[in-house]
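In the working numbering, the protein residues as written are 45 to 505.
Virtual Cβ for every residue (Gly too), placed ideally from N, Cα, C.
Keep in mind that this is a model prediction, so the values were computed, not measured.
See structure below.
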Ligand SMILES: Nc1nc2c(c(=O)[nH]1)N(C=O)[C@@H](CNc1ccc(C(=O)N[C@@H](CCC(=O)O)C(=O)O)cc1)CN2
Ligand SMILES: Nc1nc2c(ncn2[C@@H]2O[C@H](COP(=O)(O)OP(=O)(O)OP(=O)(O)O)[C@@H](O)[C@H]2O)c(=O)[nH]1
Ligand SMILES: [Mg+2]
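Spelled out as structure tokens, the structure:
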């Protein structure tokens, strides 16, 4: 494909010792040559590909020297975009980098849109859509583990799997087609039926396997929605502050201090948590607080993990018992706080209520028990298999949604085959499965979606 030549500053603005102005397109080298003055009469159009050259940027209209630079010349197709690429390495200052960019733009290049370099890598066929999305995930990764997921996706592991599945479906459809064309053989119908169900079941199982990784993948990307609940004044906001290692939430000895829901992002031993502090749950007369309590109940529904806080220094109340009841089907860690004060809580009863859930005792005031809590959180998340290197994670919400739809389509095909519906109906469901999987890697995807996806990138990428 042939596009105009684009340019952008590809390094963070105003930071760092070196800044790069990147050009990509047919005229990249020609445009750079207009403003580059190398040693002697060296011209960039004559240099070998993938070499770097010292020189100056000179404004051709005034003859004024603007910058001292190193310029990299990379010719198509072995480049990031598969087009000619020129990278001008400038001194870091914002002002001079901008002047170089301005000169590039007045000499024939167009300012790139966010993500446009990566978009070209996609449009020119170097990477597929899920790999391009992984580039973006990599930039945004918040933990090492999230980064590893993005890297393996960038290398095309998910794409390879999806391609394999699509190939299986395509071959199956072709096989069915052939059999329909030669109905004179008696056993054809039976054979078709058997093969169809086998292949469809295989596709469904593979999709299921991918979906099973999606929970972890998504959590690694977006954080485990972790909700702190407990009666007023037990130390919920103190807990948030301890895990964040900062005073983000207001802590006072007045019950009902937290009126609204507070959210903070923390990394607990490689597990990204989206920590949510709530207003203490109790029956209340105060209108403002009551709205807060309602919201607390709302966020409960969306939680991946519950931190249920109790007070060591008070007897269990009916409200505490109700809290256990309210989260009974969820992943919960029970925290018994204020162990620096005399014991009034019945720990036997706590253990009874907690069942299999881990119980951690803390004195947040004296910063005790926080290590144990962090340990409990990370072991809950990283139990065994999850860390296995060869696992292909699906972490992107768009991919997850498409996999769910594909699964539904293939399941319709399966029940169709089992019910003995006409083969052309089954073909429709299988084709639909094939199309939905294709959307993940961008083979069967609408242009407006592509534009929307790439516009989320940062400038210069
Ligand atoms: N200076 C600079 N650093 C950078 C980038 C860049 O564009 N410029 N990248 C940008 O994000 C990343 C590197 N990613 C890249 C990915 C592929 C190719 C590339 O040229 N691929 C070709 C040729 C490979 C080969 O030499 O065999 C290809 O796949 O065909 C280059 C960079 C990070 N660092
Ligand atoms: N002695 C003692 N006091 C604590 C401990 N943890 C928290 N506190 C105190 O308990 C009071 C309430 O703490 P918060 O963290 O505001 O409690 P909360 O559960 O967020 O309260 P609400 O927002 O009102 O629901 C504050 O005075 C804290 O300093 C602890 O381990 N020991
Ligand atoms: Mg609070």
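Own chain partners of residue i with C-beta closer than 8 Å, once the 5 adjacent residues on each side are dropped
i: residue 169; result: 126
i: residue 367; result: 273, 274, 275, 325, 352
i: residue 255; result: 438, 444, 447, 448, 451
i: residue 455; result: 248
Contacts around residue i, its chain only, beta-carbon distance under 6 Å, and the 5 residues preceding and following it disregarded
i: residue 431; result: Because residue 431 carries a pLDDT of 44, less than 50, the predicted location of this residue cannot be relied on, and the following value inherits that uncertainty. No residues qualify anywhere along the chain.
i: residue 449; result: 480
i: residue 154; result: 48, 50
i: residue 484; result: 174, 206, 443, 446
i: residue 397; result: 368
i: residue 307; result: 320
i: residue 240; result: 461
i: residue 177; result: 440
i: residue 128; result: 72, 73, 119, 120
i: residue 202; result: 174, 436
i: residue 89; result: 73, 77
8 Å Cβ cutoff met for residue i and residue j
i: residue 501; j: residue 180; result: yes
i: residue 441; j: residue 262; result: yes
i: residue 99; j: residue 81; result: yes
i: residue 416; j: residue 286; result: no
i: residue 130; j: residue 117; result: yes
i: residue 424; j: residue 381; result: no
i: residue 220; j: residue 467; result: yes
i: residue 270; j: residue 320; result: yes
i: residue 422; j: residue 489; result: no
i: residue 217; j: residue 471; result: yes
i: residue 504; j: residue 189; result: no
i: residue 75; j: residue 144; result: no
i: residue 348; j: residue 373; result: no
i: residue 379; j: residue 343; result: no
Neighbourhood of residue i by C-beta distance below 7 Å, restricted to the same chain and skipping five residues each side
i: residue 476; result: 453
i: residue 492; result: none
i: residue 428; result: In this prediction, residue 428 scores a pLDDT of 40, lower than 50, which makes its location untrustworthy; the coordinate-derived value is nonetheless stated afterwards. So the list is empty, once near-sequence residues are dropped.
i: residue 209; result: 247, 250, 481
i: residue 63; result: 53, 55, 134, 136, 141
i: residue 61; result: 136
i: residue 222; result: none
i: residue 358; result: 388, 389
i: residue 346; result: 269
C-beta neighbour in chain B for residue i, strict 8 Å
i: residue 281; result: You won't find chain B in this structure, because it holds only one protein chain.
beta-carbon residue i near ligand 2 non-hydrogen atom, thresh 7 Å
i: residue 406; result: yes
i: residue 276; result: yes
i: residue 68; result: no
i: residue 409; result: yes
i: residue 279; result: yes
i: residue 522; result: Outside the displayed span of the chain (45 to 505) sits residue 522, for which this structure offers no information.
i: residue 384; result: yes
i: residue 381; result: yes
i: residue 282; result: yes
Expected contact under 8 Å - CB spacing of residue i and residue j to nearest Å
i: residue 141; j: residue 439; result: Not confirmed; about 34 Å, so no contact.
i: residue 166; j: residue 413; result: Actually they are not in contact, since the Cβ atoms of residue 166 and residue 413 sit about 49 Å apart, beyond 8 Å.
i: residue 113; j: residue 96; result: Residue 113 to residue 96, Cβ: 10 Å. No contact.
i: residue 44; j: residue 499; result: Only positions 45 to 505 of the chain appear in this structure, which leaves residue 44 out of reach.
i: residue 350; j: residue 371; result: 5 Å
i: residue 478; j: residue 245; result: Not really, about 16 Å apart at Cβ, beyond 8 Å.
i: residue 279; j: residue 317; result: The Cβ separation is near 17 Å, so there is no contact.
i: residue 157; j: residue 313; result: About 39 Å; that fails the 8 Å criterion.
Ligand 1 heavy atom lying under 7 Å from the CB of residue i
i: residue 64; result: yes
i: residue 95; result: no
i: residue 164; result: no
i: residue 124; result: yes
i: residue 158; result: no
i: residue 92; result: no
i: residue 131; result: yes
i: residue 170; result: yes
i: residue 121; result: yes
Beta bridge counterpart(s) of residue i as assigned by DSSP
i: residue 218; result: DSSP output for residue 218 lists no bridge partner at all.
i: residue 361; result: In DSSP, residue 361 forms no bridge with anything.
i: residue 100; result: 81, 112
i: residue 191; result: Beta-bridge pairing links residue 191 to no other residue.
i: residue 118; result: 129
i: residue 134; result: 63
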